[in-house]
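Asker: Sharing a structure here in structure tokens format.
There are 2 protein chains.
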Amino acid sequence: MKKINSTDIDLGLEIALTVSAYRAAGQKTLKIHGLQDITREQIGILLILSLKDGLYQTQIANILGKDRPNITRMIDILETKGFIKREKDDSNRRILKVYLTSKGKEKVDFAKPLKERMSVAQYKGMSDEEILTLVSLLRKVRKNIEEEYDINL
Amino acid sequence: MKKINSTDIDLGLEIALTVSAYRAAGQKTLKIHGLQDITREQIGILLILSLKDGLYQTQIANILGKDRPNITRMIDILETKGFIKREKDDSNRRILKVYLTSKGKEKVDFAKPLKERMSVAQYKGMSDEEILTLVSLLRKVRKNIEEEYDINL
DNA sequence: TCTCAATTGTTACCATGATAACAATTGCTA
DNA sequence: TAGCAATTGTTATCATGGTAACAATTGAGA
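In the order they appear, the protein sequences are chains A and B. One point on numbering: in the working numbering, the residue at position 34 of the first sequence is 43, and numbering is uninterrupted. One point on numbering: in the working numbering, the residue at position 118 of the second sequence is 127, and numbering is uninterrupted.
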């Protein structure tokens, strides 16, 4: 039983390392299943659209916590590859609504079980209560930082 | 009181959003304090070296969970800006040991209190036990993923 | 000793994270 | 209604995340 002192912990680093693990796992999964034509981040966009098609770019950016320039770039790539299409909205000509194509729907159907596997694996040996505790504490830390530094993501 | 179901949570997204908050807070802090000549990630390297000077690049990469190409690039930048210097090691001519310059030490001395402020702020309203629980659960998730996907960071 | 695999740092390449600045559009308000 | 601020998407720029491939070096084993 190792004893940890909370002041010895670099929580930011711990979280960054966890993100690295997710990324590595995601990329390995894509490679194993032959999904070389798309990235983990791009699939994130397709997954969002599979839940709610026709979101416009800023909405996608907000959901995923990314900037608009990033979304523009990724959507460019996804459109070039034929996974999504952009459509102008007559009621507000500033926005571009984004829709999955049939090719995009196929891709997301293929990818969903892979994500599901990770969802299950990450919680191995953890109770439902522990999971909720983890998320709750994580959100608290995030809220603390956002308030202290006046950040609105 | 909102009731959350663990299957409704996208933990990967939660963690990614938390990282975004850290990044935004860090960058905002750097800007406010006029540290426009360096980034949060670069300061991370300086901080590591302030704890243990003379590490070689792969060691730094392992500590920070980054790839060697990334470290090469960042060290290039830090060396160009005069914050660190590389030195060959005669006992092993493959490695390059990295040392803080006096300019680098100044920078890290300036940055340390800023990091300290974030360390305190992030835990606002949390008990020591909660902090340890959070880290413990976070590490468990990371370990689960690393084992399931055979990842060695 | 010779050979070959592993390690270290590098380069090249692509995708993402982030900021600043811009045009087009919308909407508030004086 | 005229003007101006806010919103949306885009472009350009720099830094980081990640992979593949490479040269130099090291080290272990035949």
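For glycine and all other residues, C-beta sits at the position ideal for the given N, C-alpha and C. Remember, it's a predicted structure, so these values are computed and weren't measured experimentally.
So residue 4(B) is in the beta strand (DSSP E); what residue range does that whole segment cover?
Answerer: Past the edges of chain B, shown from 10 to 162, lies residue 4(B), and the structure says nothing about it.
Asker: Throw me the rounded Cβ distance for the residue 113(B) and residue 44(B) pair, which I believe falls under 8 Å.
Answerer: Against the second sequence, residue 113(B) aligns to sequence position 104. Against the second sequence, residue 44(B) aligns to sequence position 35. Not quite, the Cβ-Cβ distance comes to about 13 Å (not below 8 Å), so this is no contact.
Asker: For residue 2(A), is the classification buried or exposed, using 16 other Cβ atoms within 10 angstroms of its Cβ as the cut-off for buried?
Answerer: This structure cannot settle anything about residue 2(A), because the visible part of chain A is limited to 10 through 162.
Asker: Can you check the stretch 90 to 143 of chain B for any beta strand (DSSP E) of at least 3 residues that lies completely inside it and give the ranges in chain order?
Answerer: 93 to 97 and 105 to 109
Asker: Just checking: is the beta-carbon of residue 149(A) within a distance shorter than 8 Å of some beta-carbon in chain B?
Answerer: Taking the first residue of the first sequence as 1, we reach residue 149(A) at position 140. True, the Cβ-Cβ gap to chain B drops below 8 Å.
Asker: Could you check whether residue 66(B) and residue 86(B) sit closer than 8 Å to each other, using their CB atoms as the reference points?
Answerer: Looking up residue 86(B) in the second sequence gives position 77. Looking up residue 66(B) in the second sequence gives position 57. Contact: no.
Asker: Could you check if residue 91(B) is buried or exposed, using at least 16 other CB atoms within 10 Å of its CB as the buried criterion?
Answerer: In the second sequence, the residue the question calls residue 91(B) occupies position 82. Its Cβ having fewer than 16 others within 10 Å, residue 91(B) is exposed.
Asker: CB-CB under 6 Å to residue 63(A), same chain, minus the five flanking residues each way: which ones, in chain order?
Answerer: Residue mapping note: residue 63(A) aligns to position 54 of the first sequence, counting from 1. Answer for residue 63(A): 106 and 108, listed in chain order.
Asker: Strictly by DSSP, which residues pair up with residue 65(A)?
Answerer: One-based indexing of the first sequence puts residue 65(A) at position 56. Bridge partners of residue 65(A): 106(A).
Asker: Decide if the stretch 35 to 44 of chain B is in contact with the stretch 68 to 80 of chain B; the criterion is three or more beta carbon pairs, one per stretch, under 8 Å apart.
Answerer: no
Asker: Grab the span of the alpha helix (DSSP H) containing residue 36(A) for me, first residue to last.
Answerer: Taking the first residue of the first sequence as position 1, residue 36(A) is located at position 27. 20 to 41 is the extent of the alpha helix (DSSP H) around residue 36(A).
Asker: Where do the N-terminal and C-terminal ends of the alpha helix (DSSP H) with residue 5(A) fall, by residue?
Answerer: Past the boundaries of the shown model lies residue 5(A); chain A is included only from 10 to 162, so the question cannot be answered.
Asker: Measuring CB to CB, does residue 30(B) end up less than 8 Å from residue 88(A)?
Answerer: Working through the second sequence from its first residue, we reach residue 30(B) at position 21. Working through the first sequence from its first residue, we reach residue 88(A) at position 79. For residue 30(B) and residue 88(A), no; Cβs fall outside 8 Å.
Asker: Among 126(B), 143(B), 82(B) and 146(B), which has the Cα closest to the Cα of residue 158(A)?
Answerer: Position 149 of the first sequence, counting from 1, holds the residue named residue 158(A). Among 126(B), 143(B), 82(B) and 146(B), the Cα nearest to that of residue 158(A) is on 126(B).
Asker: So is residue 155(B) in contact with chain A if we call contact Cβ pairs under 8 Å?
Answerer: Position 146 of the second sequence, counted from the first residue, corresponds to residue 155(B). Yes, residue 155(B) lies at the interface with chain A (some Cβ there is under 8 Å from its Cβ).
Asker: Going by other Cβ atoms of all chains shown within 10 Å of its Cβ, with 16 needed for buried, is residue 134(A) buried or exposed?
Answerer: By one-based count along the first sequence, residue 134(A) stands at place 125. Exposed, by the Cβ-count rule.
Asker: Any residues in the stretch 30 to 41 of chain A with a beta carbon nearer than 9 Å to a beta carbon of chain B? Which ones, in chain order?
Answerer: 30, 31, 33, 34, 35, 37 and 38
Asker: Run down chain B in chain order and give the residues with a C-beta less than 8 Å from the C-beta of residue 24(A).
Answerer: Sequence index remark: in the first sequence, residue 24(A) carries index 15 (1-based). Per Cβ cutoff of 8 Å: 24, 27, 28, 31 and 147.
Asker: So, for residue 98(B): in the same chain, excluding its five sequence neighbours on each side, which residues have a beta-carbon less than 6 Å away from its beta-carbon?
Answerer: Here residue 98(B) refers to the residue found at position 89 of the second sequence. So the qualifying residues of the chain are 104 and 106.
Asker: State the CB to CB distance for the pair residue 34(B) and residue 160(A), rounded to an integer number of angstroms; the pair is presumed to be in contact (CB under 8 Å).
Answerer: For the purposes of this step, residue 34(B) is taken as residue 25 along the second sequence, with counting starting at 1. For the purposes of this step, residue 160(A) is taken as residue 151 along the first sequence, with counting starting at 1. The C-beta distance from residue 34(B) to residue 160(A) rounds to 6 Å, short enough to meet the 8 Å contact threshold.
Asker: Apart from the five residues on each side of it in sequence, which residues of its chain come closer than 8 Å, Cβ to Cβ, to residue 32(A)?
Answerer: Reading the first sequence from its first residue, position 23 is the one you call residue 32(A). Result list for residue 32(A): 49, in chain order.
Asker: On the criterion of 16 or more Cβ atoms from any shown chain inside 10 Å, does residue 129(B) qualify as buried, or is it exposed?
Answerer: For the purposes of this step, residue 129(B) is taken as residue 120 along the second sequence, with counting starting at 1. Residue 129(B) is exposed by the Cβ-count criterion.
Asker: Which chain A residues sit within Cβ distance under 7 Å of residue 139(B)?
Answerer: Here residue 139(B) corresponds to residue number 130 of the second sequence, with the count starting at 1. Correct list: 146.
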